[in-house]
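Quick note, the sequence shown lines up with residues 5 to 264 if you use this note's numbering. Yeah, the Cβ is synthetic: ideal placement off N, Cα and C, and Gly gets one too. Reviewing the structure listed below.
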Amino acid sequence: MTVTYSSYLKVDDLLQCQQPLSEGPEHDELLFIVIHQSYELWFKQLLHELDFLVRLFNAGERNRALHTLKRIDAIYRTLIQQVDILETLTPLEFMSFRDRLSTASGFQSYQFRELEFLYGAKDAKKLENYAPGSEHYLRLQKRLQAPTLWDAFLQFLAHEGHEIPPSVLQRDFSQTAEPSPAVQKVLIDVYRNDPLVSDICEALVDIDTSLQQWRYRHVKMVERTIGSKMGTGGSSGVGYLQSTLFKPVFPDLWHIRSEF
Numbered sequence: 005m006t007v008t009y010s011s012y013l014k015v016d017d018l019l020q021c022q023q024p025l026s027e028g029p030e031h032d033e034l035l036f037i038v039i040h041q042s043y044e045l046w047f048k049q050l051l052h053e054l055d056f057l058v059r060l061f062n063a064g065e066r067n068r069a070l071h072t073l074k075r076i077d078a079i080y081r082t083l084i085q086q087v088d089i090l091e092t093l094t095p096l097e098f099m100s101f102r103d104r105l106s107t108a109s110g111f112q113s114y115q116f117r118e119l120e121f122l123y124g125a126k127d128a129k130k131l132e133n134y135a136p137g138s139e140h141y142l143r144l145q146k147r148l149q150a151p152t153l154w155d156a157f158l159q160f161l162a163h164e165g166h167e168i169p170p171s172v173l174q175r176d177f178s179q180t181a182e183p184s185p186a187v188q189k190v191l192i193d194v195y196r197n198d199p200l201v202s203d204i205c206e207a208l209v210d211i212d213t214s215l216q217q218w219r220y221r222h223v224k225m226v227e228r229t230i231g232s233k234m235g236t237g238g239s240s241g242v243g244y245l246q247s248t249l250f251k252p253v254f255p256d257l258w259h260i261r262s263e264f
């Protein structure tokens, strides 16, 4: 059969994925569904790009790694812009269908948890939200044990001839990495003597900044919509989200700023 726009993109299947649960249904529930489904599609693309970036670091592909980092940051800036649309949803409009969400919560997004693990925020307790042995549980378990993006970058630096301590390269990947003065010393040398790799470092900072901006915008959007109420699915809502703010995923790249 001839490939068409609709058949290639599975448009008919895609447009059947929005199924409001409210009676009527409520006008604004469709927007809520479309935005969050869009987020999940972008999370899928981010995981695709970040896994590719890890392979590029492993292969020593400097230029392609920098290009991929710029694409990842562009995706995050798109996610930030989508908050503008979600903020058009007033508290009363959200409350018109909120009770239909029942135990559903964004905290249950396994792709977002995968992104957290890939960036280094390892926490085995987060697997407790998924059925042991399920596909989602196994995906997160694999991410928990795997090196992070930062680990891949440090391996890349080591292959480039920089002296990264073995204790850093061979750490327990299931744990969150601590900032390293030895790594920071290497990074300062990179900034002073290796322009292309320093550009890669700055591209990592761009991603870190965009991720923190997205978290902040998300927190303020939730706060203006539900205030201090408990979140959907029994989550603590704004309180928990606020606790995630201003925590860089690449702290070593921030610590060195005062050294130049």
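Excluding sequence positions up to five before and after I260, its CB lies within less than 6 Å of the CB of Q188, L191, I192, all in the same chain and listed in chain order.
The Cβ atoms of W218 and L19 lie no closer than 7 Å to each other. With a beta-carbon spacing of about 4 Å, A207 and L73 fall inside the 8 Å limit used to define contacts. For Y134, there is no enclosing alpha helix (DSSP H), since its DSSP letter is neither H nor E. The three-state secondary structure of F47, taken from DSSP, is helix.
Between the C-alpha atoms of K251 and E120 there is a straight-line separation of about 12 Å. Membership of E97 in the alpha helix (DSSP H) is indicated by the continuous run 95 to 99. Between the region 49 to 60 and the region 89 to 98, the count of Cβ pairs shorter than 8 Å is below three; the stretches do not touch. The C-beta separation of V194 from H166 comes to about 7 Å, placing the pair in contact by the 8 Å criterion. Straight-line measurement puts the Cα of L57 at about 13 Å from the Cα of D77. The alpha helix (DSSP H) runs of length 4 or more contained entirely in the region 19 to 88 are, from start to end of the chain, 33 to 63.
Here M225 carries a helix assignment [DSSP, helix/strand/coil]. For the pair P255 and P185, the Cα-to-Cα distance works out to about 11 Å.
If you keep only unbroken alpha helix (DSSP H) runs of at least 4 residues inside the region 143 to 194, you get 153 to 163, 170 to 173.
Boundaries of the alpha helix (DSSP H) around E118: 114 to 123.
Sixteen is the threshold: since fewer than 16 other Cβ atoms of the shown chains lie within 10 Å of the Cβ of G137, the residue is exposed. Closest in C-alpha terms to L153, from the list G124, Q174, N133, comes G124.
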